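K.L.:
One structure follows; several queries about it will come next.
There are 2 protein chains.
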Amino acid sequence: MELINGNEIATTIIAELKAEVSALPARKPCLALVRVGDDPASVSYVRKKEKTAAEIGIDSRVILPPVTISQAELEALIDQLNADEGVDGILVQSPLPAPLDELQIFRRIAPEKDVDGLGTVNLGKIAQDDDTGFVSCTPAGIMALLARSGVDLKGKHVVIVGRSLLVGKPVALLALQKKAGANGTVTICHSATANLPELTRQADVLIAAIGRAEFITRDMVKPGAVVIDVGINRVEDPSRKAGYRLTGDVAFGPVSELASKITPVPGGVGPMTVAMLMSNTLKAYHQRTHA
Amino acid sequence: MELINGNEIATTIIAELKAEVSALPARKPCLALVRVGDDPASVSYVRKKEKTAAEIGIDSRVILPPVTISQAELEALIDQLNADEGVDGILVQSPLPAPLDELQIFRRIAPEKDVDGLGTVNLGKIAQDDDTGFVSCTPAGIMALLARSGVDLKGKHVVIVGRSLLVGKPVALLALQKKAGANGTVTICHSATANLPELTRQADVLIAAIGRAEFITRDMVKPGAVVIDVGINRVEDPSRKAGYRLTGDVAFGPVSELASKITPVPGGVGPMTVAMLMSNTLKAYHQRTHA
Numbered sequence: 014m015e016l017i018n019g020n021e022i023a024t025t026i027i028a029e030l031k032a033e034v035s036a037l038p039a040r041k042p043c044l045a046l047v048r049v050g051d052d053p054a055s056v057s058y059v060r061k062k063e064k065t066a067a068e069i070g071i072d073s074r075v076i077l078p079p080v081t082i083s084q085a086e087l088e089a090l091i092d093q094l095n096a097d098e099g100v101d102g103i104l105v106q107s108p109l110p111a112p113l114d115e116l117q118i119f120r121r122i123a124p125e126k127d128v129d130g131l132g133t134v135n136l137g138k139i140a141q142d143d144d145t146g147f148v149s150c151t152p153a154g155i156m157a158l159l160a161r162s163g164v165d166l167k168g169k170h171v172v173i174v175g176r177s178l179l180v181g182k183p184v185a186l187l188a189l190q191k192k193a194g195a196n197g198t199v200t201i202c203h204s205a206t207a208n209l210p211e212l213t214r215q216a217d218v219l220i221a222a223i224g225r226a227e228f229i230t231r232d233m234v235k236p237g238a239v240v241i242d243v244g245i246n247r248v249e250d251p252s253r254k255a256g257y258r259l260t261g262d263v264a265f266g267p268v269s270e271l272a273s274k275i276t277p278v279p280g281g282v283g284p285m286t287v288a289m290l291m292s293n294t295l296k297a298y299h300q301r302t303h304a
Numbered sequence: 014m015e016l017i018n019g020n021e022i023a024t025t026i027i028a029e030l031k032a033e034v035s036a037l038p039a040r041k042p043c044l045a046l047v048r049v050g051d052d053p054a055s056v057s058y059v060r061k062k063e064k065t066a067a068e069i070g071i072d073s074r075v076i077l078p079p080v081t082i083s084q085a086e087l088e089a090l091i092d093q094l095n096a097d098e099g100v101d102g103i104l105v106q107s108p109l110p111a112p113l114d115e116l117q118i119f120r121r122i123a124p125e126k127d128v129d130g131l132g133t134v135n136l137g138k139i140a141q142d143d144d145t146g147f148v149s150c151t152p153a154g155i156m157a158l159l160a161r162s163g164v165d166l167k168g169k170h171v172v173i174v175g176r177s178l179l180v181g182k183p184v185a186l187l188a189l190q191k192k193a194g195a196n197g198t199v200t201i202c203h204s205a206t207a208n209l210p211e212l213t214r215q216a217d218v219l220i221a222a223i224g225r226a227e228f229i230t231r232d233m234v235k236p237g238a239v240v241i242d243v244g245i246n247r248v249e250d251p252s253r254k255a256g257y258r259l260t261g262d263v264a265f266g267p268v269s270e271l272a273s274k275i276t277p278v279p280g281g282v283g284p285m286t287v288a289m290l291m292s293n294t295l296k297a298y299h300q301r302t303h304a
């Protein structure tokens, strides 16, 4: 069994981006980070993005509207960032507090600045095999992990558990694309799937994105499979100082005995998402500079 | 075995649309049909669309630019139709003659008039489970055939052979949606799939959209499966006056002995596409009228 080390791969990508940015002329890429409210996880994610941007040499502009901001006011803020020549990428940290309509906000972001890839146009571009779009950070991170671990999906059966807009659907469309590294046969399972273990056992590459701790057990995995665990779940653990530990959607111990390659949680897909956001921001910068 | 009669279902839908249109106030829906060049199949398809529109009471405007039209000129024509208040839907008949870039033309159509559903925004909306968009006519026709034949995809394994932008990908996203009639487990196979018969034999619902005559044989189908045949292929047949016969992607005779329900070719999916185009045009009319 080989561990797919997301920390290491992300560090490599960040170093590559840093070298690329340092060679840029005067203006540096600029990422606007919008965070509404003080959800502790959101605070920590935005801080991490800001820090990684600084490390690479990408300017970031953190915008913290009050939690009372209305939908119309937030849309006006997005419009302003869309029009701002100095901003290359816009990220609105999810989840937005109620009653804000998150999807409408994501859609408001100009497609050419939608570095989180959650708008309608960038989703459609994945289906059109169009590389000019932005792939959202988790599916992009999964594809980068596979590519940099030498996993070619061609002719492989990729089974995805979870059909979310953030992970399952875009990663399915990416794995299916007619291009080098992709060309997989793709099955998408979810809560309404009748015979889940029978399907997951067929996977050459199994991608778990369900959000349920250790849901994928040993009997659901084919020996030799590549296993990508997208889940990050808190499980109570009185033996830990924090009172909990983080675990993925895969029962790592038993499954790792069967898998040919597997991502750990934490340290697998997680660290890749911020690296992909930075990569998308640099791509937006190049596209806007050469447009 | 029950035959899924596309002619009959399409006739019913057209009658429903006709009743709906006849109840509309003064202005009728208007569909612009753009055909470049004289490809005989395109001529016949556009004529069929015009005729069906007339039957329903939808105005159509057939525009026939010369085959020498440039990309820029065709884009300018689309822009003009986009801006035309009197036009509800725009269809550009595929295939466009070389060197015209079809995808760029499809994308040029305003999303709210893209009744053929091939633009980027309408594709993205399918992935977002957003019903305000337009689903392209073949996948919409397949879903309507299933719904009107009493086939509920929930928990069923839907295996799609073919990953085209016109059929395979959108129908996969539709079958996967979290809504009544859908909620299927979806597998998408294609030319690079390693073990095709093994996968197709798992299908509760098998959708064949490969474009190869009688490619799906009896041994590839599970007894009791619902079989949707999207292919229309010409096969030489000296016994026919035309010298050929039309056949689907499924070996109808042997497979129909196993299937619980099956679409014939012709008379299955084919007739549904024009009905869906009309349904989309009426939807565009309503959305534009109430916007």
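Chains as they are written, first to last, in this note's numbering: chain B, 14 to 304; chain R, 14 to 304.
Using N, Cα and C, we set each Cβ at its ideal position, and we do this for glycine too.
Owing to the predicted nature of the structure, the values given are computational and were not obtained by experimental measurement.
Quick check on DSSP: helix, strand or coil for B:Ala111?
P.N.:
To locate residue 111 of chain B, count along the first sequence from 1; it is residue 98. In this structure, B:Ala111 counts as coil in the three-state DSSP scheme.
K.L.:
What did DSSP end up calling R:Asn246 once you bin it into helix, strand or coil?
P.N.:
Stepping through the second sequence from its first residue, residue 246 of chain R is reached at position 233. Of the three classes helix, strand and coil, the one that applies to R:Asn246 here is strand, per DSSP.
K.L.:
Are the stretch 291–300 of chain B and the stretch 256–263 of chain R touching by the rule of at least three beta carbon pairs closer than 8 Å?
P.N.:
Result no; under three Cβ-Cβ pairs closer than 8 Å.
K.L.:
Considering Cα atoms alone, identify which of R:Leu187, R:Leu179 and R:Ala255 is closest to R:Ile223.
P.N.:
For the purposes of this step, residue 223 of chain R is taken as the residue at position 210 of the second sequence. Taking only the C-alpha atoms, the option nearest R:Ile223 is R:Leu179.
K.L.:
Could you name the residues of the same chain whose beta carbon sits closer than 7 Å to that of R:Asp165, not counting the 5 residues immediately before and after it, in chain order?
P.N.:
As a position in the second sequence, residue 165 of chain R is number 152, starting the count at 1. Cβ within range, chain order: Gly194.
K.L.:
State the Cα-Cα distance for the pair B:Glu270 and B:Ala255, rounded to the nearest angstrom.
P.N.:
Residue numbering aside, residue 270 of chain B sits at position 257 when the first sequence is read from its first letter. Residue numbering aside, residue 255 of chain B sits at position 242 when the first sequence is read from its first letter. Near 28 Å, if we compare the C-alpha coordinates of B:Ala255 and B:Glu270.
K.L.:
Quick one: what's got a C-beta closer than 7 Å to B:Arg301's C-beta in the same chain, skipping five residues either side?
P.N.:
In the first sequence, counting from the first residue as 1, residue 301 of chain B sits at position 288. Result list for B:Arg301: Asp101 and Glu125, in chain order.
K.L.:
Where R:Val174 and R:Thr198 are concerned, what is the direct C-alpha to C-alpha distance, given to the nearest angstrom?
P.N.:
Taking the first residue of the second sequence as position 1, residue 174 of chain R is located at position 161. Taking the first residue of the second sequence as position 1, residue 198 of chain R is located at position 185. Answer to the nearest angstrom: the Cα atoms are 14 Å apart.
K.L.:
Looking at the unbroken alpha helix (DSSP H) that takes in R:Ala89, where does it start and where does it end?
P.N.:
Translated into the one-based positions of the second sequence, residue 89 of chain R becomes position 76. Taken as a continuous stretch (DSSP letters only), the alpha helix (DSSP H) holding R:Ala89 covers Gln84 to Ala96.
K.L.:
Give the DSSP-derived three-state secondary structure of R:Gly19 in the structure shown.
P.N.:
Mapped onto the second sequence, residue 19 of chain R falls at position 6. Residue state, collapsed to three classes: helix.
K.L.:
Might you give, ordered along the chain, the residues of its own chain that have their beta carbon closer than 6 Å to the beta carbon of R:Leu209, omitting 5 neighbours on each side?
P.N.:
Taking the second sequence and counting its residues from 1, one reaches residue 209 of chain R at position 196. Excluding positions up to five away in sequence, the list reads Cys202.
K.L.:
If we cut at 9 Å on Cβ distances, does B:Ala193 have a partner in chain R?
P.N.:
Working through the first sequence from its first residue, we reach residue 193 of chain B at position 180. With 9 Å as the cut-off, B:Ala193 does not count as an interface residue toward chain R.
K.L.:
With a CB to CB cut of under 6 Å and the five nearest residues on each side skipped, what residues in its chain are close to B:Cys43?
P.N.:
Taking the first residue of the first sequence as 1, we reach residue 43 of chain B at position 30. Hits under 6 Å: Asp72, Gly99, Val100 and Asp101.
K.L.:
If B:Leu77 and B:Arg48 are in contact, beta carbons under 8 Å, what's the gap, nearest whole angstrom?
P.N.:
Against the first sequence, residue 77 of chain B aligns to sequence position 64. Against the first sequence, residue 48 of chain B aligns to sequence position 35. About 6 Å separates the two Cβ atoms, so the contact holds.
K.L.:
Is there a Cβ from chain B that is less than 9 Å from the Cβ of R:Leu187?
P.N.:
Along the second sequence, one-based indexing puts residue 187 of chain R at 174. Not one chain B Cβ lies under 9 Å of R:Leu187.
K.L.:
From the DSSP output, which residues share a beta bridge with R:Lys274?
P.N.:
Within the second sequence, numbered from 1, the residue matching residue 274 of chain R stands at position 261. Answer is R:Glu15 and R:Val239, bridged to R:Lys274.
K.L.:
Using the beta-carbon of each residue, which ones in chain R are nearer than 7 Å to B:Lys167?
P.N.:
Sequence index remark: in the first sequence, residue 167 of chain B carries index 154 (1-based). Neighbours of B:Lys167 on chain R, chain order: Ala205.
K.L.:
What residues in its chain sit with their C-beta under 7 Å from that of R:Arg231, if we drop five residues either side in the sequence?
P.N.:
For the purposes of this step, residue 231 of chain R is taken as the residue at position 218 of the second sequence. Same-chain partners within the cutoff: Ala264, Pro267, Val268 and Leu271.
K.L.:
Could you tell me the alpha carbon to alpha carbon distance between B:Met285 and R:Leu87, rounded to whole angstroms?
P.N.:
On the first sequence, residue 285 of chain B is found 272 positions in, with the first residue counted as 1. On the second sequence, residue 87 of chain R is found 74 positions in, with the first residue counted as 1. One C-alpha to the other measures close to 43 Å.
K.L.:
For B:Leu179, which three-state DSSP category applies?
P.N.:
Residue numbering aside, residue 179 of chain B sits at position 166 when the first sequence is read from its first letter. Note: B:Leu179 maps to coil in three-state DSSP.
K.L.:
CB B:Thr213 to CB B:Val234, shorter than 9 Å?
P.N.:
To locate residue 213 of chain B, count along the first sequence from 1; it is residue 200. To locate residue 234 of chain B, count along the first sequence from 1; it is residue 221. For B:Thr213 and B:Val234, yes; Cβs fall inside 9 Å.
K.L.:
Cβ closer than 7 Å: which chain R residues qualify as neighbours of B:Val134?
P.N.:
Counted from its first residue, the first sequence places residue 134 of chain B at position 121. Chain R residues near B:Val134: Thr133, Val134 and Gly137.
K.L.:
Any idea what DSSP makes of R:Gly283, helix, strand or coil?
P.N.:
What you label residue 283 of chain R is simply residue 270 of the second sequence in a count that begins at 1. Of the three classes helix, strand and coil, the one that applies to R:Gly283 here is helix, per DSSP.
K.L.:
Strictly under 9 Å for the Cβ-Cβ distance: is B:Leu116 near chain R by that measure?
P.N.:
Taking the first sequence and counting its residues from 1, the one referred to as residue 116 of chain B is at position 103. Closer than 9 Å to some Cβ of chain R, the Cβ of B:Leu116 qualifies, so yes.
K.L.:
In whole angstroms, give me the CA-to-CA distance for B:Val134 and R:Phe119.
P.N.:
By 1-based counting over the first sequence, the position of residue 134 of chain B is 121. By 1-based counting over the second sequence, the position of residue 119 of chain R is 106. Distance between the alpha carbons of B:Val134 and R:Phe119 is about 13 Å.
K.L.:
Check whether the stretch 181–194 of chain R and the stretch 146–154 of chain R are in contact - that is, three or more C-beta pairs closer than 8 Å.
P.N.:
With the cut-off at 8 Å, the stretch 181–194 of chain R and the stretch 146–154 of chain R touch.
K.L.:
Can you give me the Cβ contacts of B:Asp250 inside the same chain, cut-off strictly under 8 Å, excluding the 5 residues immediately before and after it?
P.N.:
In the first sequence, counting from the first residue as 1, residue 250 of chain B sits at position 237. For B:Asp250, where only same-chain residues beyond five positions count, the Cβ hits under 8 Å are Gly256, Tyr257 and Arg258.
K.L.:
Would DSSP call B:His299 helix, strand or coil?
P.N.:
As a working mapping, residue 299 of chain B is identified with position 286 in the first sequence. Reduced to three states, the DSSP call for B:His299 is helix.
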